[in-house]
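Residue numbers (the UniProt record's numbering): 1 to 523. Structure, as structure tokens:
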DNA sequence: GCGATCAGTT
DNA sequence: CACAACTGATCGC
């Protein structure tokens, strides 16, 4: 649970993921993702009032987060004050103090965080240096090195401070099986059950939170069965998710919820109330996604664990493991690090003790901070390793292996796609929010400028923006998926003949699928 | 009636 | 099994 209070030392006039107390005075707000514990105060009367009299205050987030947030009527009042920023597009934002008229500019870049749909990290660049707020993240080893915009030329950016998701920053969480390994385990468990008959169904016992969507889409893709959920209107503009979900209860894969779901399940009833199909009782198993971890020297073991007659736990994590955190931070190698979370059973001091050695402040030959302008210019071509060694003597970032991995756009697209938000009608921007592309002298990367200077009612115009469809890595075939990663974690589930088959012999030999898009072969 | 907070549950 | 959110009790406006 995040204990970040909303403000960063370098840029105290902006607030991120907290909207109460001191944050009520912020010049701009940022939301990293749409989870309730990062939205404290976001719909409180105090902030609502502030918004009414401070017309230059906006909330910045990713297009997907904006879509998810505005689906809830409780947050509709934000509609005209949210500005979505495309992923990986440096964007300049004015920070205006409405009382004094004092103005400061900051450039923000959204980087995919792999935590839930729309989740991002914020990279801020301004007068007080470059800082990175990670929000909540799950990034595999090496993924920071593949992020183009964390780099300046071929080098990693000179980052003053990182505000870090330390949820699993404890050596006991040393390793967590990868997304692909967990997914593969769940796919095989589900396959082993639902292929027995159309009356064999699985219930995915998920918490009420965004973040399971890639599980649903992969299951649906694999078996040609949409996943039953309670609500799907939040995904109405995200076809890649929407098409894999249904509110029709006649499917073999359920992720519906009910306050008494566990109780229901004991009586062979799904949370949506279904107990049978064609008057034939269903055979149900529950699969509860939950985090599993292994210490540095613990033998790797199963990603699926049987917890009862018809219950399983399946490995699933929203957050990076200890070793993934170490990889991430040691690559960035900032001057300072601030934990956003104190994991239960540990202390701030212990977390700092773990993270400090990965920062420049404790290891640098030359610990003094140098502003960006004084850094040696990055070379255009990579050096060979020998030259590299020599170079370290006057390099203010004396950590090797911190060069960009050329292969970008590979943030596990096969299991964690960044959804595209598309609108049928052209998007209407009612603010005079002019975004235009210029060449940024410093980074040579495209920068958007958001100018809120004239956002008063008289200059309001309706800008017609063509329906946007952000760059998509493209569909990944099953073939590619299979080749992408061979799980090194053993997938465990009971032998097929161990799975109870009671009642199966009485089933009709019909393969009628009850409206399902695909009917599984019937044994 | 609404919201904030806390304890308990999953 | 450690996330994140719901539920219900309590208090205050």
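The beta-carbon is built from N, C-alpha and C at its ideal position, and this holds for glycine as well.
In angstroms with no decimal places, state the Cα-to-Cα distance between residue i and residue j.
| i | j | result |
| --- | --- | --- |
| residue 175 | residue 49 | 46 Å |
| residue 122 | residue 155 | 19 Å |
| residue 347 | residue 32 | 25 Å |
| residue 244 | residue 193 | 20 Å |
| residue 212 | residue 182 | 12 Å |
| residue 283 | residue 196 | 10 Å |
| residue 232 | residue 7 | 34 Å |
| residue 75 | residue 93 | 23 Å |
| residue 19 | residue 30 | 9 Å |
| residue 131 | residue 151 | 13 Å |
| residue 41 | residue 24 | 9 Å |
| residue 10 | residue 352 | 19 Å |
| residue 249 | residue 170 | 41 Å |
| residue 190 | residue 242 | 21 Å |
| residue 448 | residue 57 | 18 Å |
| residue 235 | residue 402 | 38 Å |
| residue 318 | residue 207 | 12 Å |
| residue 83 | residue 277 | 47 Å |
| residue 128 | residue 36 | 30 Å |
| residue 311 | residue 271 | 15 Å |
| residue 55 | residue 2 | 29 Å |
| residue 314 | residue 72 | 30 Å |
| residue 133 | residue 309 | 44 Å |
| residue 77 | residue 44 | 11 Å |
| residue 178 | residue 292 | 11 Å |
| residue 349 | residue 47 | 34 Å |
| residue 247 | residue 164 | 37 Å |
Heavy atom of the ligand HEM less than 7 Å from the Cβ of residue i, yes or no?
| i | result |
| --- | --- |
| residue 227 | As presented, the structure is devoid of all ligands, the ligand HEM included, so that no description of it is given. |
Within a Cβ cutoff of 7 Å, which residues of the same chain sit near residue i, ignoring the five residues on either side of it in sequence?
| i | result |
| --- | --- |
| residue 267 | none |
| residue 237 | 67, 421, 422 and 423 |
| residue 230 | 256 and 257 |
| residue 425 | Low confidence applies to residue 425: its pLDDT is 42, below 50, so where it sits in the model is not reliable, and the reading given next is rough at best. There are no such residues. |
| residue 275 | 268, 269, 281 and 282 |
| residue 79 | 70 |
| residue 328 | 139, 144 and 320 |
Note down, in chain order, each residue of its chain lying with its Cβ closer than 6 Å to the Cβ of residue i, except the 5 sequence neighbours on either side.
| i | result |
| --- | --- |
| residue 205 | 286 and 288 |
| residue 253 | 202, 219, 225 and 227 |
| residue 280 | 199 |
| residue 12 | none |
| residue 104 | 95 |
| residue 4 | 340 |
| residue 316 | 182 and 289 |
| residue 485 | With a pLDDT of only 33 at residue 485, under the threshold of 50, the placement of this residue in the model should not be trusted; the figure read from the coordinates follows. Contacts found: 180. |
| residue 17 | 32 and 38 |
| residue 359 | 334 and 337 |
| residue 26 | 14 and 15 |
| residue 52 | none |
| residue 125 | 107 |
Sort out for me which residues DSSP pairs residue i with in a bridge.
| i | result |
| --- | --- |
| residue 266 | Note: residue 266 sits in no beta bridge, so no partner. |
| residue 132 | 123 and 162 |
| residue 23 | Its beta-bridge partners do not exist; DSSP assigns none. |
| residue 308 | 311 |
| residue 5 | The partner list for residue 5 (beta bridge, DSSP) is empty, contrary to what the question assumes. |
| residue 602 | This structure does not reach residue 602, given that the chain is present from 1 up to 523, and the question cannot be answered. |
| residue 91 | 108 and 448 |
| residue 243 | Answer by DSSP bridge pairing: none, since residue 243 is not bridged. |
| residue 18 | 40 |
| residue 336 | 161 |
| residue 403 | 155 |
| residue 319 | The partner list for residue 319 (beta bridge, DSSP) is empty, contrary to what the question assumes. |
| residue 258 | DSSP, once it has assigned bridges, lists no residue as partnering residue 258. |
| residue 203 | 254 and 286 |
Round the Cβ separation of residue i and residue j to the nearest angstrom and send it over; I've been treating them as touching at under 8 Å.
| i | j | result |
| --- | --- | --- |
| residue 187 | residue 148 | Not really, about 31 Å apart at Cβ, beyond 8 Å. |
| residue 357 | residue 167 | Contact flag wrong, Cβ pair sits at about 20 Å. |
| residue 416 | residue 214 | 5 Å |
| residue 119 | residue 135 | 6 Å |
| residue 295 | residue 172 | 6 Å |
| residue 146 | residue 405 | 5 Å |
| residue 450 | residue 91 | 6 Å |
Can you give me the Cβ contacts of residue i inside the same chain, cut-off strictly under 8 Å, excluding the 5 residues immediately before and after it?
| i | result |
| --- | --- |
| residue 345 | 170 |
| residue 240 | 217, 417, 419 and 420 |
Using 8 Å as the cut-off, can you tell me whether the region 89-109 makes contact with the region 296-314, which would need three or more C-beta pairs spanning the two stretches below that distance? The region 89-109, when compared against the region 296-314, does not touch it at the 8 Å Cβ threshold.
Is it the case that the region 99-118 contacts the region 55-67, given that we only count it when at least three CB pairs across the two stretches are under 8 Å? Touching, yes.
Is the region 325-343 close to the region 145-163, with three or more CB pairs under 8 Å? Cβ pair count under 8 Å is three or more, so yes.
At least three beta-carbon pairs within less than 8 Å, the region 128-142 to the region 321-328: Below 8 Å, enough C-beta pairs join the region 128-142 and the region 321-328 to call them touching: three or more.
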